[in-house]
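Trainee: For reference, the structure I am asking about is given below.
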Amino acid sequence: MPELPEVEVSRQGLLPFLPGQHIIKAIFRTPKLRHELPRELTTRLAGLRVDTILRRGKYLLFDCESTLGGGWLILHLGMSGSLRLVAPDTPPQKHDHVDLVFAHTALRFRDPRRFGTLLWHEGSDVEKHPLIAVLGIEPLGAEFDGDWLYEQTRRRSAPIKPLLMDSHLVVGIGNIYASESLFRAGISPLRAANRISLERYHVLVPAIRETLDASIAAGGSSVRDYVHSDGGAGCFQLSCAVYDRLGEPCVNCGEPLRSVRQGGRSTFYCARCQR
Ligand SMILES: [Zn+2]
């Protein structure tokens with residue numbers, strides 16, 4: 001499943017090419033992804049200029065403008081989506097469901113499982129869209145720091161790991177990144193959030209940023225003529241220290257790594273290094 005780093009790498013891969021370009025036409029080859037793809041939307045999109053591309057959580061937000069007013073194209077890669085920039089006359093393959101055609105390139109959305117989202121928000125206030133308004137803060141933003149996370153967790157006795165994955169609190173920390181960040185910080189994924197000290201939150205937050213940043217940096221080097229996301233499981237272009245390594249020796253202490261189910265997801269950790 002594409003995680004925040006893949007989405008951010010996709011955004012950074014598109015930024016040199018799309019802002020300032022006009023959408024000549026939009027092509028939908030399926031009536032629906034996760035939501036309906038209304039035919040009227042192809043008409044609405046034609047002629048709009050993409051001004052910039054932002055990211056909120058795992059949503060890409062395309063700011064589309066015209067002299068008659070604009071709006072935002074909201075895109076989520078879902079379980080298996082990926083974006084490519086192709087020559088406009090490139091024949092579509094089986095799961096290529098959407099094209100946005102520009103003068104010299106086309107943005108192509110491939111999504112075998114069709115859990116992706118493509119929605120239009122008329123007007124400038126995309127932060128008020130129901131899917132965006134419920135999102136927590138950005139893990140790479142300035143607001144997310146040790147003091148903030150400490151304050152937010154004072155009344156939460158749930159284990160820290162599923163809390164980190166709660167997108168109403170902070171967005172885009174997926175299962176892999178939660179496990180890896182907690183290992184880096186030496187914090188047990190089972191520890192109650194309100195039993196972790198301020199000092200340890202000051203270690204955890206940088207660990208989360210470093211894990212995400214390292215993955216973005218690794219993926220960024222692979223972006224050239226297409227925008228990568230292979231939809232596969234595992235760390236994005238990185239080797240994991242604990243994720244999916246049940247029974248293997250801890251890289252710090254050699255103790256066999258453990259796994260536990262939390263909120264329906266597998267957590268991997270070292271019981272000796274993480275307290
Ligand atoms: Zn260990």
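Residue numbers 1 to 275, in my numbering, belong to the letters of the sequence shown in order.
Where a beta carbon is used, it is the ideal one built from N, C-alpha and C, also for glycine.
#1: Going by Cα to Cα distance, which pick from I53, D99, L18 and F17 is closest to T42?
#2: Would DSSP call I74 helix, strand or coil?
#3: Do R184 and T211 have their C-beta atoms closer together than 8 angstroms?
#4: Any chance the stretch 255–263 sits against the stretch 196–203, with 3 or more Cβ pairs inside 8 angstroms?
#5: Which same chain residues, not among the five before or five after S66, have their C-beta less than 8 angstroms away from its C-beta?
#6: Name all residues in chain order for which at least one heavy atom of ligand 1 lies closer than 6 angstroms to the residue's CB.
#7: Distance check for E122 and R275, CA to CA, integer angstroms please.
#8: Could you please give me the residues that DSSP links to S266 through a beta bridge?
#9: Considering only C-alpha positions, which residue in the set T267, G219, V242 and E248 is nearest to G13?
#10: Is it right to say Q262 is buried, meaning 16 or more other beta carbons lie within 10 angstroms of its own, or is it exposed?
#11: Ignoring anything shorter than 4 residues or poking outside the stretch 17–88, list the alpha helix (DSSP H) runs there in chain order.
#12: Give me, in chain order, the residues of the same chain whose beta-carbon lies closer than 7 angstroms to that of N175; leave out the 5 immediate sequence neighbours on both sides.
#13: My guess is that G172 and G57 are in contact by the Cβ rule of under 8 angstroms, so how many angstroms apart are they, rounded?
Mentor: Checking against the coordinates, here is how it stands:
#1: With distances taken between Cα atoms, T42 lies closest to D99.
#2: Correct three-state label for I74: strand.
#3: Between R184 and T211, the CB-CB gap stays under 8 angstroms.
#4: They do not touch, by the three-pair rule.
#5: Once the five neighbours on either side are set aside, the close Cβ partners of S66 are G47, L48 and R49.
#6: Going down the chain, each residue whose beta-carbon is closer than 6 angstroms to a heavy atom of ligand 1 shows up: C250, N252, C253, E255, C270, R272 and C273.
#7: Their backbone Cα atoms lie some 48 angstroms apart in a straight line.
#8: Its beta-bridge partners are R261.
#9: Ranking T267, G219, V242 and E248 by Cα distance to G13 puts G219 first.
#10: A residue is called buried when at least 16 other Cβ atoms come within 10 angstroms of its Cβ; Q262 meets this threshold and is buried.
#11: Contiguous alpha helix (DSSP H) elements confined to the stretch 17–88 occur at 39–45, taking only those with 4 or more residues.
#12: M165 and R265.
#13: Contact holds; Cβ gap of about 5 angstroms.
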